[in-house]
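Undergrad: The structure is given below, and queries will be raised subsequently.
Protein chains in written order, with this note's numbering: chain A, 1 to 311; chain B, 312 to 665.
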C-alpha cells in the first residue's frame, strides 16, 4: 500500500497503452451493439425509409410523411422529398400475414416443455452420478458425456427416419422426447450436486429418509442456483434452436418455432426482401431472450453456461 | 469423512446399499431410455444407412427399399471422380477455410478482450461483459438476417465504407464468389493461367488454383458474422479463468521487478493454456458443423463457394434424396469431431470439462 502515490499501482501499464486498450474494447463494444440498434430502428421504419441513406437510428421529425398510400407501399423513388424516420408499426403489422403468433407460441411450448423435462430428468441423472453408489457409475457417465460429441447435423437423417417411423414428425411429443434430455445438462447438475456436502445427505438418511425423499425434500431445495442455471441454458438453447427443430418440425408451417419461421419468411420472399417485416420478426424473436438476459445476467455470463450455450 | 457414521448393523447397511443402487438405476432409467432410442440407435442407424443406396422416399422398412452398396458412398465422396466428389471436396475446402480463419481470430479476440476487461484499473467491467455477451443470446437465424441486411449491395456496410473511402465501388458481399487470395494475387499479375501448370492440376475434382484461391467474399462475410456472434461467450470463459488467478501472484512479480508485459507472458498466458485449449476445441467443433447461416443467407451460393460439410449433408438428404451419401458424409464429420475432442483430451488431462 505504501508508495502508491509515487508508483503506478502494480501491474498497471503506461497511460498511452491504457488509452489504446480502452479504445480497442470500446470499438469492439460498438461493433457488438450497433447491429442491434440498427435492427430495432429499421424494424420501426416504413419500407422506403429503410432504404434511405445515411441511416438514421433515431426518429426524425416531421413525423407526417406517409409511407403507404391506400395500403400501397411507395418505393423511395416515387416519394418526393427526403424520407425521414417517422416510427411506424408497418413492419410488425406485416408479420400478421404469417402464422407468426403461432410460431411464437410454439417457441414458448418447446422452450418451457423441454426445460421442465430437462430439469427433472437431468437432475435425477446428475444426482445419481454425483451422490449414489452403484455398479457402472463411471462407465455410464462416460457414455452419457460422450453423446455431447454427436453433432446435431450428424443426426439429421436418422432422426428424420426414426420420428417418421414413430409417426412423430411435426409433433410436440417428437420435440419433447428428442430434446428432453441433454448430456451437458446432466454434466452441469452432476457438478452442482457434487458441491453439496455428504453430511447433509447422511443426516437425512439417518432420519430414515429414502433416496427419493432425500433428493426431493433435502437436496433439491438447496439446489435452486443449479436448477436455475440449467433452466436458463435449456430455454435459451431451445428458443434459438434451428437445426434440430428443422428436422423434427420443419415440414409443417404451423409447427415451426420463431427461427424456423423467420427462415421460411426469408425463403418465401426470394430476392424481394421486405426488410422492415424481417427485422420486426427478428426483434420479436430476440426480445424475450433480452428480457431473460436482463433478469438473469449473472447466470448467463457464468462460464459453464457459455460453454454450453452453443450446443 | 472423519466423522464416523452412526453404528448401523451390517445387514441393514447392505440393504441400504441395495436400495441406493436400485434408486440410482431408477433415477437414470428415463435418461438411458431416451438416449438409447433417440441418440444411440439413430447413430448406429446412420452408420448402417451409409452403406446403402436408400433414397429416403420408399419406406425404409419395406423390403427392397434399398440395396447394400458397401463403401461405395464413401468412395463417391472421397476418391471417385464425379459430381459428388466435386461437391464434397468443395464443401470440405470451404469448411476448412472457415475453420482456419474463424477459430484463431475468435480465440485471439476473445483472449485480448478478456485480458483487457480483467485489468484492475478498468472501470465498467460489468458493462463490457454484458455488451460482449449480447450476440450469444441471439438466434443464429436472426443474426443471419441482420447481417444480410447490413451487407446487401445497397446496405449499411457499403454505405459506411463509401463515406470513408472516396470512389468506393460497392462490393456485392453476398454475391461475390471470387476468393480472397485470388483477389489479392490478380493485381500483381498472378492468375490461374500465369501461375504455372500446377495451378490447373486437379486434386479431388478441384484444380489446385481452386484449393488455394481462399474463401470467397461471401464466405468471408459469413465468417465475420460467426466471429461477431461467438467472441463474447468465449471471452466470458477466458474471463472466468482469469478471475481465478490470485492477484498476489502479480504483486509478487511486480516486487521482483517484472513489467506488466512480462507478467502477461510469464504468468497470465501460461495459466490460461488449459482454457485456451477448451476454447479452441469448442470453436473447432462448432465451426466444423456450420450450417444455419449458410442455409439462411446463401443456400450454398454464389457458385457453391459457401457450401459446407453440414450444408451438403442436408442437401444430399433432403434435396437430392441421397440418404446413403448424406449418412456417409455425416459419419465422416462425426469422426472428425471425435478426433478433435480426443486430441484435446490428450493435451489437457483433467481439464474441467473433459
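Note that CB positions come from ideal geometry on N, CA and C, so glycine has one too.
Note that the structure is a prediction, hence the values are computed from the model and not measured.
From 100/A, 181/A, 165/A, 86/A, pick the residue whose C-alpha is nearest to that of residue 113/A; which is it?
TA: Nearest of 100/A, 181/A, 165/A, 86/A to residue 113/A, Cα basis: 181/A.
Undergrad: Going along chain B in order, which residues have a C-beta closer than 7 Å to the C-beta of residue 180/A?
TA: In chain order: 345.
Undergrad: Taking only beta-carbon atoms, is residue 335/B less than 8 Å away from chain A?
TA: With 8 Å as the cut-off, residue 335/B counts as an interface residue toward chain A.
Undergrad: Near residue 517/B, which residues of its chain fall below 8 Å by C-beta distance, leaving aside the five closest residues on each side in sequence?
TA: Closer than 8 Å at the Cβ level, and outside the excluded window around residue 517/B, lie 397, 400, 401, 404.
Undergrad: Along the chain, where does the alpha helix (DSSP H) that runs through residue 119/A open and close?
TA: Unbroken alpha helix (DSSP H) run through residue 119/A: 100 to 131.
Undergrad: Three Cβ pairs or more, each shorter than 8 Å: is that satisfied between the segment 153 to 162 of chain A and the segment 637 to 651 of chain B?
TA: Yes: the two stretches touch, three or more of their Cβ pairs being nearer than 8 Å.
Undergrad: For chain A, is any of its Cβ atoms less than 8 Å away from the one on residue 628/B?
TA: Yes, residue 628/B lies at the interface with chain A (some Cβ there is under 8 Å from its Cβ).
Undergrad: Three-state secondary structure (DSSP) at residue 527/B?
TA: Residue 527/B: strand per DSSP, three-state reduction.
Undergrad: Quick one: any contact between the segment 116 to 128 of chain A and the segment 182 to 189 of chain A, if contact means 3 or more CB pairs under 8 Å?
TA: Contact holds: three or more Cβ-Cβ distances are below 8 Å.
Undergrad: Apart from the five residues on each side of it in sequence, which residues of its chain come closer than 7 Å, Cβ to Cβ, to residue 547/B?
TA: Excluding residues within five positions, the ones whose Cβ falls inside 7 Å are 440, 444.
Undergrad: If I'm right that residue 613/B touches residue 429/B with Cβ under 8 Å, what's the distance once you round it to whole angstroms?
TA: No, residue 613/B and residue 429/B are not in contact; Cβ-Cβ is about 42 Å, not under 8 Å.
Undergrad: Can you give me the start and stop residues for the alpha helix (DSSP H) that residue 397/B sits inside?
TA: Unbroken alpha helix (DSSP H) run through residue 397/B: 394 to 428.
Undergrad: When you check each C-beta in the segment 614 to 646 of chain B against every C-beta of chain A, which residues fall closer than 7 Å?
TA: Residues 621, 624, 625, 628, 634, 637, 638, 641, 644, 645.
Undergrad: Is the separation between the beta-carbon of residue 339/B and that of residue 140/A shorter than 8 Å?
TA: Yes.
Undergrad: At what residues does the alpha helix (DSSP H) containing residue 371/B begin and finish?
TA: Here residue 371/B belongs to no alpha helix (DSSP H), and DSSP marks it neither H nor E.
Undergrad: How would you list, in chain order, the residues of chain A whose beta-carbon sits under 7 Å from the beta-carbon of residue 602/B?
TA: Under the 7 Å cutoff, chain A gives 153, 243.
Undergrad: Mark residue 173/A as exposed unless 16 or more other C-beta atoms lie within 10 angstroms of its C-beta, in which case mark it buried.
TA: That one is exposed.
Undergrad: Is the beta carbon of residue 47/A sitting closer than 8 Å to the one on residue 276/A?
TA: In this structure, residue 276/A lies closer than 8 Å to residue 47/A by Cβ.
Undergrad: Could you tell me whether the Cβ atoms of residue 549/B and residue 595/B are closer together than 8 Å?
TA: No; because the gap between Cβ atoms is not below 8 Å, this pair is not in contact.
Undergrad: Does DSSP classify residue 653/B as helix, strand or coil?
TA: Helix.
Undergrad: Out of 97/A, 292/A, 294/A, 197/A, which one is the CA nearest neighbour of residue 264/A?
TA: Comparing Cα positions, the closest option is 97/A.
Undergrad: My output table needs one value for residue 194/A: the three-state DSSP class, helix, strand or coil.
TA: In this structure, residue 194/A counts as helix in the three-state DSSP scheme.
Undergrad: Given a cut-off of 8 Å on the beta-carbon distance, is the pair residue 226/A and residue 95/A in contact?
TA: Result no, Cβ atoms of residue 226/A and residue 95/A do not sit closer than 8 Å.
Undergrad: Decide yes or no for the touch test of the segment 526 to 534 of chain B against the segment 473 to 490 of chain B: beta carbon pairs closer than 8 Å, at least 3 of them.
TA: Touching, yes.
Undergrad: Whose Cβ in chain B lies nearer than 9 Å to the Cβ of residue 240/A?
TA: Those within 9 Å of residue 240/A in chain B are 448, 449, 450, 451, 452, 453.
Undergrad: Taking its Cβ as the centre, do 16 or more other Cβ atoms sit within 10 Å of residue 301/A, making it buried, or is it exposed?
TA: Per the 10 Å Cβ criterion, buried.
Undergrad: Looking at residue 388/B and residue 363/B, is the spacing between their C-beta atoms short of 8 Å?
TA: No; because the gap between Cβ atoms is not below 8 Å, this pair is not in contact.
Undergrad: Please classify residue 14/A as buried or exposed, where buried requires at least 16 neighbouring CB atoms within 10 angstroms.
TA: The residue is exposed, with fewer than 16 neighbouring Cβ atoms inside 10 Å.
Undergrad: Thinking C-beta only, is residue 410/B closer than 8 Å to residue 602/B?
TA: No, the Cβ-Cβ distance between residue 602/B and residue 410/B is not below 8 Å.
Undergrad: With a 10 Å radius around its C-beta and 16 neighbouring C-beta atoms as the bar for buried, classify residue 537/B as buried or exposed.
TA: Its Cβ being crowded by 16 or more others within 10 Å, residue 537/B is buried.
Undergrad: Residues of chain A with CB closer than 8 Å to the CB of residue 484/B, please, in chain order.
TA: Ordered by position in chain A, no residue passes the 8 Å Cβ test against residue 484/B, which lies about 14 Å from the chain.
Undergrad: Which residues in chain A have a C-beta closer than 7 Å to the C-beta of residue 652/B? List them in chain order.
TA: Residues of chain A passing the Cβ test: 149.
Undergrad: Would you report the Cα separation of residue 298/A and residue 542/B, rounded to the nearest angstrom?
TA: For residue 298/A and residue 542/B, the distance between alpha carbons rounds to 18 Å.
Undergrad: Mind checking residue 237/A: buried by the 16 CB within 10 Å criterion, or exposed?
TA: Residue 237/A comes out buried.
Undergrad: Could you check whether the Cβ of residue 354/B sits closer than 8 Å to any Cβ belonging to chain A?
TA: Closer than 8 Å to some Cβ of chain A, the Cβ of residue 354/B qualifies, so yes.
Undergrad: What does residue 363/B pair with, by DSSP beta-bridge criteria?
TA: According to DSSP, which records beta bridges pairwise, residue 363/B is partnered with 379/B.
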